[in-house]
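Participant:
Numbering (our numbering), first residue to last: 5 to 366.
Below, the structure written as structure tokens:
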């Protein structure tokens with residue numbers, strides 16, 4: 005640096021830092037898609053910390069959908085069923101779209117498909133398109149069976165995969181895993197190509213929700229509100245929309261709440277001891293009582309965790325019909341909410357830190 009200059013150039017191994025970084029800027033990311041962080045990217049891996057705490061909650065048990073779990077040894081058996089379902093679909097729509105039509109239609113969506121995933125998909129276009137077609141046909145075939153009925157689709161009548169209760173329950177869970185999704189527009193494309201007269205009064209959203217409703221038993225009038233929704237990204241998004249509703253609420257003025265105030269919410273047994281009755285009410289929306297709240301599930305989890313301090317509280321809420329326990333013991337219910345609350349606390353701390361640091365730059 006000479007006396008007349010107000011800056012210096014640092015060289016490393018004969019190259020300046022700016023030159024080195026310019027090369028880095030030009031490199032395409034090998035793990036992330038260029039679409040990562042944009043609205044077109046919406047199928048993600050679950051956070052590693054979450055997976056490590058409970059791997060079984062994030063890994064499919066029976067069927068892989070999409071690229072993240074494709075090819076796993078324990079999931080290969082179902083791949084043969086996918087081929088069979090696709091063959092059956094072609095038989096049902098004979099005279100309509102042919103085999104090549106499905107692959108050509110989905111191939112035209114390749115860029116959008118890849119952009120939907122946060123990770124770069126290191127697979128050939130032929131493998132990717134085959135995966136999407138077979139996965140979409142399997143899902144739609146499964147939905148059709150349980151909404152339209154086997155009397156109109158007799159080819160599925162003798163397949164135990166679709167009617168064994170334990171398998172069906174696992175399939176429902178697998179189709180709602182965050183890492184086990186394909187873009188909804190792929191499902192829509194396949195459904196449109198494979199429509200037959202039996203499907204005339206059934207939208208894709210209708211048969212999807214009809215399938216999951218075999219377990220949830222939502223009232224029909226609630227489901228009907230979601231038969232023609234738009235901007236659905238994947239099946240989990242459709243399910244979430246039906247569960248918590250679509251709220252477009254302006255953020256209320258920030259209110260500072262002392263975290264110690266949360267301790268003022270008594271547990272279920274404390275409420276019962278002083279004569280307060282706990283009764284379930286019918287609702288179409290999990291969060292009806294939180295009119296100004298946008299953190300749907302996190303608020304619900306914190307509130308329920310306050311009500312349930314012990315297994316006895318969980319038992320009391322079960323007896324009152326407030327919760328339905330599919331987990332087994334009351335202790336498992338407490339453990340479930342403890343894990344959820346801990347996860348949300350970590351997210352809350354990170355979010356608060358982000359906004360505090362952001363405000364420091366203003």
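For glycine and all other residues, C-beta sits at the position ideal for the given N, C-alpha and C.
Keep in mind that this is a model prediction, so the values were computed, not measured.
When the Cβ atoms of the stretch 192-199 are set against those of the stretch 76-92, are three or more pairs found closer than 8 angstroms?
Facilitator: With a cut-off of 8 angstroms, the stretch 76-92 and the stretch 192-199 do not count as touching, because too few Cβ pairs lie within range.
Participant: Do the stretch 173-181 and the stretch 115-128 touch if we need at least three Cβ pairs shorter than 8 angstroms?
Facilitator: no
Participant: Whole beta strand (DSSP E) runs in the stretch 123-182 with 3 or more residues, listed along the chain?
Facilitator: none
Participant: Would you tell me roughly how many angstroms separate the C-alpha atoms of residue 92 and residue 71, rounded to the nearest one?
Facilitator: Position 88 of the chain shown, counted from the first residue, corresponds to residue 92. Position 67 of the chain shown, counted from the first residue, corresponds to residue 71. Straight-line Cα distance between these residues: approximately 24 angstroms.
Participant: Our contact map puts residue 343 next to residue 57 with C-beta atoms below 8 angstroms; I'd like the distance itself, whole angstroms only.
Facilitator: Sequence index remark: in the chain shown, residue 343 carries index 339 (1-based). Sequence index remark: in the chain shown, residue 57 carries index 53 (1-based). The C-beta distance from residue 343 to residue 57 rounds to 6 angstroms, short enough to meet the 8 angstroms contact threshold.
Participant: Please confirm if residue 85 has its CB atom under 9 angstroms from at least one CB of chain C.
Facilitator: Structure shown: chain C not included; a single protein chain is present.
Participant: Which one or two residues does DSSP pair with residue 338 in a beta bridge?
Facilitator: The residue you call residue 338 lines up with position 334 of the chain shown. In DSSP, residue 338 forms no bridge with anything.
Participant: So, does the stretch 334-341 touch the stretch 305-321, judging by three or more C-beta pairs under 8 angstroms?
Facilitator: yes
Participant: Give me the residue from 46, 134, 100, 44 with the minimum Cα distance to residue 75.
Facilitator: Looking up residue 75 in the chain shown gives position 71. The option with the nearest alpha carbon to residue 75 is 134.
Participant: How many Å lie between residue 50 and residue 44 at the Cα?
Facilitator: Within the chain shown, numbered from 1, the residue matching residue 50 stands at position 46. Within the chain shown, numbered from 1, the residue matching residue 44 stands at position 40. Cα-Cα distance, rounded: 18 angstroms.
Participant: On the three-pair Cβ rule with 8 angstroms, is the stretch 273-284 touching the stretch 208-219?
Facilitator: no
Participant: Apply the 10 Å Cβ neighbour rule to residue 236 and answer buried if 16 or more other Cβ atoms are within range, or exposed otherwise.
Facilitator: On the chain shown, position 232 is the one that residue 236 refers to. Classification of residue 236: buried, given that the 10 Å Cβ count is 16 or more.
Participant: Leaving out the 5 sequence neighbours to the left and right, which residues in its chain are closer than 8 angstroms to residue 284 when beta-carbon positions are compared?
Facilitator: Here residue 284 refers to the residue found at position 280 when the chain shown is read from its first residue. Cβ neighbours of residue 284 beyond the five flanking positions: 324, 325, 326.
Participant: By DSSP, does residue 121 sit in helix, in strand, or in coil?
Facilitator: Counting from 1 along the chain shown, the entry for residue 121 is found at position 117. Looking at residue 121 - three-state DSSP - the assignment turns out to be strand.
Participant: Can you find at least 3 beta carbon pairs, one from the stretch 221-228 and one from the stretch 90-110, that sit closer than 8 angstroms?
Facilitator: With a cut-off of 8 angstroms, the stretch 90-110 and the stretch 221-228 do not count as touching, because too few Cβ pairs lie within range.
Participant: Report the residue from 246, 184, 190 whose alpha carbon sits nearest the alpha carbon of residue 214.
Facilitator: The residue labelled residue 214 in the question sits at position 210 within the chain shown. Comparing Cα positions, the closest option is 246.
Participant: Below 8 angstroms CB to CB, which residues in the same chain sit around residue 116 once its five sequence neighbours on both sides are set aside?
Facilitator: In the chain shown, the residue the question calls residue 116 occupies position 112. Contacts found: 44, 187, 189.
Participant: From this set, 141, 303, 322, which residue's C-alpha is nearest residue 346's C-alpha?
Facilitator: Indexing the chain shown from 1 puts residue 346 at position 342. Taking only the C-alpha atoms, the option nearest residue 346 is 303.
Participant: Can you tell which of 166, 27, 243 has its C-alpha closest to the C-alpha of residue 146?
Facilitator: Within the chain shown, residue 146 is the residue found at index 142, counting from 1. Among 166, 27, 243, the Cα nearest to that of residue 146 belongs to 166.
Participant: Roughly how far, in whole angstroms, is the beta-carbon of residue 73 from the beta-carbon of residue 59, given that I think they are within contact range, below 8 angstroms?
Facilitator: Within the chain shown, numbered from 1, the residue matching residue 73 stands at position 69. Within the chain shown, numbered from 1, the residue matching residue 59 stands at position 55. The Cβ separation is near 12 angstroms, so there is no contact.
Participant: Could you give the residue range of the alpha helix (DSSP H) that holds residue 106?
Facilitator: On the chain shown, residue 106 is found 102 positions in, with the first residue counted as 1. Residues 103-111.
Participant: What is the C-beta distance between residue 69 and residue 143, in whole angstroms, given that I count them as a contact (C-beta under 8 angstroms)?
Facilitator: In the chain shown, counting from the first residue as 1, residue 69 sits at position 65. In the chain shown, counting from the first residue as 1, residue 143 sits at position 139. Correct: roughly 7 angstroms between the Cβ atoms.
Participant: As an exercise, report each continuous alpha helix (DSSP H) stretch of at least 4 residues that is fully enclosed by the stretch 50-84, in chain order.
Facilitator: 52-57
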